[in-house]
Amino acid sequence: MAGIISVVGARPNFMKVAPLYEEIKSRGGEQILVHTGQHYDENMSKVFFDDLSMPTPDIYFGIGSGSHASQTARVMLEFEKTVQEYEPELVIVVGDVNSTVACALVCAKMNVPVAHVEAGLRSFDRTMPEEINRIVTDSVSDFLLTPSIEANENLLREGTDPGKIHFVGNIMIDSLHRSVKSSTKSTALEDYCVEPSEYGIMTLHRPANVDDSESLFYLVESACMASQDTPIIFPIHPRTKKMFGKEKFETLIQSSNLRICDPLGYLDFIRLLSNSKFVLTDSGGIQEESTALGIPCLTLRENTERPITVSMGTNTIVGKNRELMISLVSEILKTGGKKGKIPDLWDGNTASRISDVIQFAIS
Ligand code: UD1
-19 MAGIISVVGA RPNFMKVAPL YEEIKSRGGE QILVHTGQHY DENMSKVFFD DLSMPTPDIY
41 FGIGSGSHAS QTARVMLEFE KTVQEYEPEL VIVVGDVNST VACALVCAKM NVPVAHVEAG
101 LRSFDRTMPE EINRIVTDSV SDFLLTPSIE ANENLLREGT DPGKIHFVGN IMIDSLHRSV
161 KSSTKSTALE DYCVEPSEYG IMTLHRPANV DDSESLFYLV ESACMASQDT PIIFPIHPRT
221 KKMFGKEKFE TLIQSSNLRI CDPLGYLDFI RLLSNSKFVL TDSGGIQEES TALGIPCLTL
281 RENTERPITV SMGTNTIVGK NRELMISLVS EILKTGGKKG KIPDLWDGNT ASRISDVIQF
341 AIS
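With the first letter of the sequence shown counted as 1, position 104 gets the number 84 in our numbering; the numbers rise by one all the way through.
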């Protein structure tokens, strides 16, 4: 019988599990690390294990890509066998990817307690696959570990038992704090020939932005316009890259100040992010990291499940509004842009607070 099984599957999971795995280990907890293999490319997975000093997963499913149903179902089939074999006291899932919901569902059916790290986030946009994953995962989890008071409120509004909800803070910031220091060894600034505070960064991978070629072209064209006075580094997610084969993208980018590169490892990305002037993104995690670092963030989505980054932090929702994007970038270059504050409990000690909540499974 194993104590705790922690699950990772896709890129945004790794920096959430790393500090918690370390904390549980330091308390002498018995744990097994499962990697579903939802993300499998070296630069979407392995490099994060190296950068975050994570151990090699004990179990690797190799699920790979596929439709939502097939990816989720394949993870469920494999994870059911793992739970049967190891009989964990607790399973920890993080975030909102397909691997998260798949493993939480398996546990719920097998009466194994589940802790969901990053519970309670809601975009109120059910066209986002992640929103469905959040709602389902929260509804079957036993420990709802939230990063903000708004997340508690969302859960309470849905009728969740208050005894299940624990406001523990933002686990990503634990990894961020550690990595900002170690990222000074990254050569990313030199590699991309940029000086601190003299460039922006862009990331795009949401299906609503990138799966339609016209929508992606419009956003990239807007970023090219915004990059007139300052370079923008654009590491391309594999989902986005698939759409980039077309000639019109090449022509557009060649005549702009947008610098395209492959997806970056964690330390290289944090090195570039922490020294950047601004960020354009549709990622959830980067909205939080930029708030924690005090870097202005323009979110290229119509909504966010992380509203605290707007109300307290440096985030502004821009959607596909080209004029707004260009005027905000120009304002940031002139004045430095939106100044924010750090939300409560985004202090680098969330892994410790989570471990206190789940101590029964550690000792
Ligand atoms: C997934 C998550 C999303 C998260 C994102 C971070 C879900 C529903 N979505 O989206 O919440 O923000 O990860 O990256 O779980 N691919 C590769 N190499 C890889 C992984 C994927 O080439 O290592 C390609 C495949 O062609 C695949 C496509 O990217 O079809 C999309 O991958 P998938 O795991 O389906 O979703 P993401 O868009 O990465």
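Think of the CB as a built atom: it goes at the ideal place given N, C-alpha and C, for glycine as much as any other residue.
#### Entry: Local conformation of residue 376 per DSSP, three classes
The question about residue 376 has no answer, for the chain in this structure spans -19 to 343.
### Message
Let me confirm a value: residue 208 is counted as buried when at least 16 other C-beta atoms fall within 10 Å, else exposed. Which label applies?
### Response
The sequence position of residue 208 within the sequence shown is 228, counting from 1. Under this definition residue 208 is an exposed residue.
#### Entry: When 180, 54, 215, 61 are compared against residue 90, the one with the closest alpha-carbon
One-based indexing of the sequence shown puts residue 90 at position 110. Checking every option, the nearest Cα to that of residue 90 belongs to 61.
### Message
Quick check on the DSSP output: the beta strand (DSSP E) that includes residue 344 runs from which residue to which?
### Response
Nothing can be reported for residue 344: it is not among the residues displayed for the chain, which extend from -19 to 343.
### Element boundaries [alpha helix (DSSP H), containing residue -3]
Counting from 1 along the sequence shown, the entry for residue -3 is found at position 17. First-last of the alpha helix (DSSP H) with residue -3: -9 to 6.
### Task
Below 6 Å CB to CB, which residues in the same chain sit around residue 28 once its five sequence neighbours on both sides are set aside?
As a first step, residue 28 must be located in the sequence shown, where it is residue number 48. Hits under 6 Å: -6, 246.
### Task
Name the two residues that bound the continuous alpha helix (DSSP H) containing residue 187.
To locate residue 187, count along the sequence shown from 1; it is residue 207. 187 to 190 is the extent of the alpha helix (DSSP H) around residue 187.
#### Entry: Rounded straight-line distance, which links the Cα of residue 127 to that of residue 150
Counting from 1 along the sequence shown, the entry for residue 150 is found at position 170. Counting from 1 along the sequence shown, the entry for residue 127 is found at position 147. One C-alpha to the other measures close to 5 Å.
### Query
Is the beta carbon of residue 16 less than 8 Å from the beta carbon of residue 79?
Here residue 16 is taken as the residue at index 36 of the sequence shown, counted from 1. Here residue 79 is taken as the residue at index 99 of the sequence shown, counted from 1. Contact: yes.
### Query
Out of curiosity, what's the CA-to-CA distance linking residue 122 and residue 313?
Within the sequence shown, the letter at position 142 stands for residue 122. Within the sequence shown, the letter at position 333 stands for residue 313. Cα-Cα distance, rounded: 46 Å.
### Message
Which residue marks the beginning of the beta strand (DSSP E) containing residue -14, and which one marks its end?
### Response
For this step, residue -14 is matched to residue 6 along the sequence shown. Unbroken beta strand (DSSP E) run through residue -14: -16 to -12.
### Opening and closing residue of the beta strand (DSSP E) in which residue 104 lies
Within the sequence shown, the letter at position 124 stands for residue 104. Premise fails: residue 104 is in no beta strand (DSSP E) and is neither H nor E.
### Task
Can you tell me the Cβ-Cβ gap for residue 218 and residue 21, rounded? I've got them flagged as a contact below 8 Å.
Working through the sequence shown from its first residue, we reach residue 218 at position 238. Working through the sequence shown from its first residue, we reach residue 21 at position 41. That pair is a contact at about 7 Å.
### Query
Based on the DSSP secondary-structure assignment, which residues constitute the bridge partners of residue 255?
One-based indexing of the sequence shown puts residue 255 at position 275. BP columns for residue 255 are empty, so no partner.
### Message
Please report the distance separating the alpha-carbon of residue 166 from that of residue 76.
### Response
The count along the sequence shown starts at 1 and reaches residue 166 at position 186. The count along the sequence shown starts at 1 and reaches residue 76 at position 96. Going from the Cα of residue 166 to the Cα of residue 76 covers about 29 Å.
### Closest residue to residue 299 among 100, 308, 293 (Cα-Cα distance)
Against the sequence shown, residue 299 aligns to sequence position 319. Checking every option, the nearest Cα to that of residue 299 belongs to 308.
### Task
Verify whether the separation of the beta carbon atoms of residue 171 and residue 23 is less than 8 Å.
Reading the sequence shown from its first residue, position 191 is the one you call residue 171. Reading the sequence shown from its first residue, position 43 is the one you call residue 23. No; because the gap between Cβ atoms is not below 8 Å, this pair is not in contact.
### Residues of its chain near residue 185, where Cβ-Cβ distance is below 8 Å and the 5 sequence neighbours each way are ignored
Within the sequence shown, numbered from 1, the residue matching residue 185 stands at position 205. Within the same chain, residue 185 has close Cβ partners 217, 219, 220, 262, 263.
### Task
Would you check whether the ligand UD1 has a heavy atom nearer than 7 Å to the C-beta of residue 111?
The residue given as residue 111 occupies position 131 in the sequence shown. No - the ligand UD1 has no heavy atom lying nearer than 7 Å to the Cβ of residue 111.
### Task
List the residues that DSSP assigns as beta-bridge partners of residue 139.
Counted from its first residue, the sequence shown places residue 139 at position 159. DSSP, once it has assigned bridges, lists no residue as partnering residue 139.
### Message
Classify residue 42: buried if its beta carbon has 16 or more other beta carbons within 10 angstroms, exposed otherwise.
### Response
As a first step, residue 42 is located in the sequence shown; it is residue number 62 there, counting from the start. Classification for residue 42: exposed.
### Query
Where do the N-terminal and C-terminal ends of the alpha helix (DSSP H) with residue 28 fall, by residue?
Taking the sequence shown and counting its residues from 1, the one referred to as residue 28 is at position 48. Element bounds for residue 28: 26 to 31.
### Query
In its own chain, which residues sit with a C-beta less than 6 Å from the C-beta of residue 293, not counting the 5 before and 5 after it?
For the purposes of this step, residue 293 is taken as residue 313 along the sequence shown, with counting starting at 1. Hits under 6 Å: 271, 320.
### Query
The beta strand (DSSP E) spanning residue 123 covers which residue range?
Counted from its first residue, the sequence shown places residue 123 at position 143. From DSSP, the beta strand (DSSP E) with residue 123 extends over 123 to 126.
### Query
Is residue 260 helix, strand or coil by DSSP?
The residue you call residue 260 lines up with position 280 of the sequence shown. Three-state DSSP puts residue 260 in a strand.
### Message
Is there a C-beta anywhere in chain D that falls below 8 Å from the one on residue 111?
### Response
Chain labels in this structure do not include chain D; a single protein chain is all it has.
#### Entry: Alpha carbon of residue 311 to alpha carbon of residue 278, nearest angstrom
For the purposes of this step, residue 311 is taken as residue 331 along the sequence shown, with counting starting at 1. For the purposes of this step, residue 278 is taken as residue 298 along the sequence shown, with counting starting at 1. Each residue's Cα considered, the two are about 12 Å apart.
### Message
the ligand ATP and residue 311: does any heavy atom of the ligand fall closer than 7 Å to the residue's C-beta?
### Response
The ligand ATP is not among the ligands present in this structure, which contains only the ligand UD1.
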